[in-house]
Structure formats: structure tokens, C-alpha cells
Ligand SMILES: NC(=O)c1ccc[n+]([C@@H]2O[C@H](COP(=O)([O-])OP(=O)(O)OC[C@H]3O[C@@H](n4cnc5c(N)ncnc54)[C@H](OP(=O)(O)O)[C@@H]3O)[C@@H](O)[C@H]2O)c1
């Protein structure tokens, strides 16, 4: 029977005499640190770059190097990119671990695929939000919480679950619910959504957009109908709240008949077989090995793939549509009503137009040559 933890299962007092280091101040590190501090927990930040340190310090945190943070803290939350984590762990965290320390991961990837092997004398826990870092912060501020998967991979002290649940409460997840899961299941599920569901969705949207535009429907109307209008998002939000079938049944009778009567037609897509193959690559570790090599080679294939994606004409049309529908996007690029709307006082929150941004993972800049 799956266990779901709620607010009363996490005791913040358990963290009262502990120093907690958040390593990394990025997509998840910053929201996690801010939420923990809101919950009255003493957090320090382990950071590498000067500008990141300045950012964290300007948010009011004590910032030290990654190695110093690992040395000083009893609970170390590793919130840096999964592919760089093994080396950072090996060089700057592992040498400073003491008996009774706890390592917390935001994703089970490195433990599952054996890239990080903690010593037997530390606790190892997982708090993996089922949403984006921005939403982790926004939902906490709205008093709503967010779902996460939680796990204990190693309980050297006998108190690992207490630590994981106290942190899950502090970071704001227990207000919604934290689902207990095995480390490897979290890693597999996470990768499966990225590799089997998102590509299928992406493919479906692009295929529909191309077909409709080739038949003369205006791009703005097509893209608004497909996802920009938000109907699909509303549908998924409703599904998350009330169930997928219930959300479908909120449509008109015409819509319901059209959907249900054509459903089987798409059963011919052999999706299940494609998903099985993808899951196998994940569970055997084949994908993890492929990605480790890609990272150590300097991302040559990812660069090519990203280039060929961003070269597609549809994105130009998409950006034009967004500009037309949301002229206020100029201010920050986000819908002000969205939970992802940046704090206008916080210039670094969504700095996609920053020319100094060397992140190869930043979304394509507006006005780029697509
Ligand atoms: N993104 C999400 O919404 C999300 C959701 C659920 C779980 N997670 C998990 O949370 C973890 C963190 O993901 P993320 O998306 O937050 O990562 P991220 O934003 O890409 O991490 C950026 C941070 O990591 C630091 N960093 C990068 N390389 C480093 C290095 N070699 N040494 C020291 N610090 C380094 C960066 O420092 P600099 O500023 O110095 O570059 C920056 O502070 C991952 O395990 C991920 O799977 C993320």
C-alpha cells in the first residue's frame, strides 16, 4: 500500500539543532532554500560562481563554498544538475562527510545508476518535487504546497525518515502530500515522462500544427487552439484535480462524442511498444550510460538536436503569435496571471535575455535566428 505523508508527519523540531546546506542555487536550489527559511529552518548555501553567491547573499543567505558547506552542515541537499553532481560530490562533498550526516537528493538519478555511492555511515534521502522549481516556490507562497516523491535510500542513523519528512515539510511539500517511493522507481518514472510522454506530446502538437497550417488555417489560430489559448492547460489542471475522465466530460456533448468515437483510431500508433523500448533503455541503465558519455564529450549530440529543433519554422510563428496576444510580454516574457510570473523586483529570476548567459539549456532567446 502506497504511503502518502502529510503535514502532521513532519516534525520541524527534528531540524532545530542541525545545520542545513543547500548546494546549488538554481531552479530548485533557490526555491527550496527560500521555502525552508520561511519554515524557520536555518539554511546556508554552498555555491560556486561569484554571481550565484551574490544572488544568494542578496536574498539574505550565508553563502560559502561547496566544500565548506559540506564540512559545516549535517544535512547536505545536493541541488545541482544531475550530470555534474558525481564529480562535485566526489571532490567537494564526499571528503567532508561525517557519521550522522544526511545527503538529500532532489532526484534519484545518481544513486539509482550508481554514479554516486555514499559511504555506509551517512543517511541518504530523496525529496523529489513533481513540479518545476518555480512552482515549488509559487505554491509555497500561495500556501498550497506541492506533491513530491520521498524515499530513504540508506538509514545509517535510524532517523533518516524523520529527517526526510521534516525537510519535506519545511520545503513545503507535505501541505499537498509526499508519496513514498523507492529511489530507483523515482528515477525511472522521471526519465520515462521525459523520454516517452513528452516526445509523444511534442510530436503530436507539431504534427497537428504543420498539418493544419498546410491546409491554410492561420498559424495564430492553430497555435492558440493547440496550446497558447490555455484550454489544454485548464483541461490538465482540472484532470489533476478531479480526474482525466471527469475533465473530458466537462466538454460539450459534441466534443465528448468526437473524442470518444475517434479514440481507437489512435490506438494503431504502437505507442505501447515504443514506450516499452524506452522504459527498457532506462531501467537497464543504457540511457544513463549514453547521457554520461554525452556529458563527458561536451554535449555534441544535444547541441545538434537543440539546433535542429530551434531551426523549425513553427517557433518563429509561435513567438509572433505570443507577441501578438501578449504585448506585455516585453516586460518579462511571462503571463502576469501565471504562477510562473517572475517577481518584477527580481531581475535574475528569468534572465533569458541576458547576453552573458552561457547556459546551453536556456530557452531560445526571442529574436534569435530560428
Ligand atoms: N528544475 C526543477 O524544477 C527540478 C524539479 C525536481 C527535481 N529537480 C532536481 O533538482 C536538482 C537540481 O536541478 P536544477 O534544475 O535546480 O539544477 P540547475 O538549476 O541547473 O542548477 C544550477 C545550480 O547548480 C550549480 N552548479 C552547476 N554546476 C556546478 C558545479 N560544477 N559546482 C557547483 N555548483 C554547480 C549552479 O551554480 P553556478 O551558478 O555556479 O553555475 C547553480 O547554482 C537535480 O537533481 C534535478 O533533477 C529539479
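Numbering (the working numbering), first residue to last: 246 to 615.
Every residue, glycine too, gets a C-beta built ideally from N, C-alpha and C.
ask   = Nearest CA to the CA of residue 568: which residue from 515, 472, 418 and 465?
value = Numbered from 1 along the chain shown, position 323 holds the residue referred to as residue 568. Considering only alpha carbons, the answer is 465.
ask   = First and last residue of the alpha helix (DSSP H) that includes residue 476?
value = Here residue 476 refers to the residue found at position 231 when the chain shown is read from its first residue. Note, residue 476: alpha helix (DSSP H), 476-487.
message = Quick check: the stretch 407-420 against the stretch 273-289, are at least 3 beta-carbon pairs closer than 8 Å?
response = yes
ask   = For residue 281, which residues from the same chain have a beta carbon less than 7 Å from its beta carbon, with the 5 sequence-adjacent residues on both sides left out?
value = Taking the chain shown and counting its residues from 1, the one referred to as residue 281 is at position 36. Excluding positions up to five away in sequence, the list reads 265, 288, 415 and 416.
ask   = Less than 7 Å between the CB of residue 480 and some heavy atom of ligand 1, yes or no?
value = In the chain shown, the residue the question calls residue 480 occupies position 235. Residue 480: no, Cβ never under 7 Å from ligand 1.
query = Any contact of the stretch 430-438 with the stretch 344-358, i.e. 3+ C-beta pairs under 8 Å?
reply = By the Cβ criterion, the stretch 430-438 is in contact with the stretch 344-358, since at least three pairs of Cβ atoms, one from each stretch, lie closer than 8 Å.
request  = Could you tell me if the beta carbon of residue 327 falls within a distance shorter than 7 Å of some heavy atom in ligand 1?
outcome  = Looking up residue 327 in the chain shown gives position 82. It does: the Cβ of residue 327 is within 7 Å (strictly closer) of some heavy atom of ligand 1.
key: Distance, residue 402 Cα to residue 221 Cα   = Summary: the structure shown does not reach residue 221, with the chain confined to residues 246 through 615, and so no result is reported for it.
inquiry  = Rounded to whole angstroms, what is the Cα-Cα separation between residue 471 and residue 483?
reply    = Here residue 471 corresponds to residue number 226 of the chain shown, with the count starting at 1. Here residue 483 corresponds to residue number 238 of the chain shown, with the count starting at 1. The alpha-carbon atoms of residue 471 and residue 483 are separated by roughly 17 Å.
task = Helix, strand or coil for residue 373, going by three-state DSSP, please let me know.
result = Indexing the chain shown from 1 puts residue 373 at position 128. DSSP places residue 373 in strand when its eight states are reduced to three.
key: Alpha-carbon spacing of residue 252 relative to residue 560, whole angstroms   = Taking the chain shown and counting its residues from 1, one reaches residue 252 at position 7. Taking the chain shown and counting its residues from 1, one reaches residue 560 at position 315. Taking the straight line from one Cα to the other gives about 43 Å.
ask   = Helix, strand or coil: how does DSSP classify residue 428 here?
value = By 1-based counting over the chain shown, the position of residue 428 is 183. In the displayed model, residue 428 falls within a helix according to three-state DSSP.
query = Contact between the stretch 310-326 and the stretch 440-450: three or more CB pairs below 8 Å?
reply = no
query = In angstroms, rounded to a whole number, what distance separates the CA positions of residue 527 and residue 436?
reply = Reading the chain shown from its first residue, position 282 is the one you call residue 527. Reading the chain shown from its first residue, position 191 is the one you call residue 436. Going by the C-alpha atoms only, they are around 7 Å apart.
query = DSSP on residue 307, reduced to helix/strand/coil?
reply = Taking the chain shown and counting its residues from 1, the one referred to as residue 307 is at position 62. DSSP places residue 307 in strand when its eight states are reduced to three.
Terminal residues of the beta strand (DSSP E) in which residue 341 lies = The residue given as residue 341 occupies position 96 in the chain shown. Taken as a continuous stretch (DSSP letters only), residue 341 belongs to no beta strand (DSSP E), as it is neither H nor E.
message = On the criterion of 16 or more Cβ atoms from any shown chain inside 10 Å, does residue 588 qualify as buried, or is it exposed?
response = Indexing the chain shown from 1 puts residue 588 at position 343. For residue 588, the predicted structure reports a pLDDT of 39, less than 50, and the residue's modelled location is therefore unreliable. A value from the coordinates is still provided. It is exposed - the Cβ of residue 588 has fewer than 16 other Cβ atoms within 10 Å.
request  = Please report the residue range of the alpha helix (DSSP H) in which residue 520 lies.
outcome  = As a first step, residue 520 must be located in the chain shown, where it is residue number 275. Here the alpha helix (DSSP H) through residue 520 covers 516-528.
ask   = Is residue 324 near ligand 2, judged by its Cβ being under 7 Å from some heavy atom?
value = For ligand 2, the structure offers nothing, since it holds only ligand 1.
message = Quick check: what's the CA-CA separation for residue 507 versus residue 500?
response = Here residue 507 is taken as the residue at index 262 of the chain shown, counted from 1. Here residue 500 is taken as the residue at index 255 of the chain shown, counted from 1. Computed Cα separation, rounded: 11 Å.
query = When the Cα of residue 320 is compared with those of 408, 270 and 249, which residue comes out closest?
reply = Here residue 320 refers to the residue found at position 75 when the chain shown is read from its first residue. Closest option to residue 320, Cα to Cα, is 408.
request  = Have a look at residue 259 and residue 268 and give me their C-alpha separation to the nearest angstrom.
outcome  = Locating residue 259 in the chain shown gives position 14, counting from the first residue. Locating residue 268 in the chain shown gives position 23, counting from the first residue. In a straight line, the C-alpha of residue 259 is about 21 Å away from that of residue 268.
key: Cβ distance (whole Å) where residue 341 is taken to contact residue 361 below 8 Å   = Here residue 341 refers to the residue found at position 96 of the chain shown. Here residue 361 refers to the residue found at position 116 of the chain shown. No, residue 341 and residue 361 are not in contact; Cβ-Cβ is about 15 Å, not under 8 Å.
message = Tell me whether the stretch 451-465 and the stretch 383-395 touch, counting them as touching only if at least three CB pairs, one residue from each stretch, are closer than 8 Å.
response = no
message = In the DSSP assignment, the alpha helix (DSSP H) including residue 566 goes from what residue to what residue?
response = Residue mapping note: residue 566 aligns to position 321 of the chain shown, counting from 1. Start and end: 558-570.
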